[in-house]
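J.:
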Amino acid sequence: MENLYPYRTLRREIRALRGQSLHTVEEMPGNKPTHKSASKPAQQLLYSEALHHKRLTPLTTNPQTSLPPTEPTTMSDKDHSTTMDRILQEITTVSRRIEGMDASLTSLTLETKSMPSDIPGFQSRVTGLEQRMGSLEAQVNVSQERDQDLLYLRSKLTDMEDRSRRDNIRLLGTPENEEGADMQAFLSSTPPKMTSLDFDPPLEFQRAHRIGPKRGETQ
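For the sequence shown, the working numbering begins at 41 and goes up steadily by one.
(1) Pull up the distance between the alpha-carbon of Asp-202 and that of Glu-244, whole angstroms please.
(2) Identify which residue in Glu-219, Ser-236, Phe-239 has its Cα closest to the Cα of Ala-248.
(3) Just curious, the alpha helix (DSSP H) that Ser-195 is in, first and last residue?
(4) Asp-238 and Pro-232: beta carbons closer than 8 angstroms?
(5) Less than 7 angstroms between C-beta atoms, sequence neighbours within five positions excluded: which residues of the same chain meet that for Gly-70?
(6) Measure how close the beta-carbons of Ser-260 and Pro-242 come, nearest whole angstrom, since I'm counting them as under 8 angstroms.
(7) May I ask which residues mark the beginning and end of the alpha helix (DSSP H) holding Leu-211?
(8) For Ser-236, collect the residues of the same chain with a Cβ closer than 6 angstroms to its Cβ; drop the 5 residues on either side in sequence, then sort them by chain order.
(9) Look up Pro-241 in the DSSP assignment and say whether it is helix, strand or coil.
(10) Alpha helix (DSSP H) containing Gln-224: first to last residue?
(11) Whose CA, out of Tyr-192, Gln-246, Gln-224, lies closest to the CA of Asp-26?
(12) On a CA-only basis, which of Asp-222, Asn-217, Arg-210 is nearest Ile-251? Give me that one, please.
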């Protein structure tokens, strides 16, 4: 962008150059200086020099430089009073908040001071709970042992009941090794064959074994 002198300022200076009466001083060797009105060529020369000088003057791109300086504004008494009132209100609000925080800190301090007096009570309660836990664990161990004893006694009682209700069958004259490897299966199938009866449900034998011969006898 080409730097040009402000148009209005240049016009004012040109008018001043045209309207004013210019006097030139001629100094020639042997002559006294004389004052006379400048001729038209001299005025044009001065105009050209002024124009050339103004064109060489750079302009700033800041638009605020072309504006006339503004006078500093002063705050009125009313505005000053309003500002002071606002500041006082803010200070009052902050003071109230600080007072509330002080009250909260005071209550926290009191609670903190009362905590050491409560600690012995908590310790005694914890000790009592530990003792109760120990006694409960001992009772649980005793109960588990009793449960095991009850299970053993129940199994023995069941076996005795089965023995008391058992019906024994003795088969005589059975050849050796005729039953094979499964004595119970042999006994389940032998009575139906011997009696020609259909047992429904089939006979079940819990135990089966051979009885050895008596002393002095042969079987």
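In this text, a Cβ means the ideal position worked out from N, Cα and C, and glycines have one as well.
T.: The relevant details are as follows:
(1) Position 162 of the sequence shown, counted from the first residue, corresponds to residue 202. Position 204 of the sequence shown, counted from the first residue, corresponds to residue 244. One alpha carbon belongs to Asp-202, the other to Glu-244, and they sit about 14 angstroms apart.
(2) The residue you call residue 248 lines up with position 208 of the sequence shown. Minimum Cα distance to Ala-248 is reached at Glu-219.
(3) Taking the sequence shown and counting its residues from 1, the one referred to as residue 195 is at position 155. 117 to 205 is the span of the alpha helix (DSSP H), which, as asked, contains Ser-195.
(4) Here residue 238 corresponds to residue number 198 of the sequence shown, with the count starting at 1. Here residue 232 corresponds to residue number 192 of the sequence shown, with the count starting at 1. Cβ distance < 8 angstroms, so Asp-238 and Pro-232 count as in contact.
(5) As a working note, residue 70 is residue 30 in the sequence shown. In this prediction, Gly-70 has a pLDDT of 47, which is less than 50 and means its spatial position is unreliable; nothing more can be read from the coordinates.
(6) Within the shown structure, residues of the chain are numbered from 41 to 259, placing residue 260 beyond reach of any answer.
(7) Counting from one through the sequence shown, the residue named residue 211 turns up at place 171. Here Leu-211 belongs to no alpha helix (DSSP H), and DSSP marks it neither H nor E.
(8) Residue mapping note: residue 236 aligns to position 196 of the sequence shown, counting from 1. There are no such residues.
(9) Reading the sequence shown from its first residue, position 201 is the one you call residue 241. In this structure, Pro-241 counts as coil in the three-state DSSP scheme.
(10) Counting from 1 along the sequence shown, the entry for residue 224 is found at position 184. Its alpha helix (DSSP H) spans residues 223 to 235.
(11) Residue 26 falls outside the range modelled here, since the chain spans only 41 to 259, and no answer is possible.
(12) The residue labelled residue 251 in the question sits at position 211 within the sequence shown. Restricting attention to Asp-222, Asn-217, Arg-210, the CA atom closest to the CA of Ile-251 is found in Arg-210.
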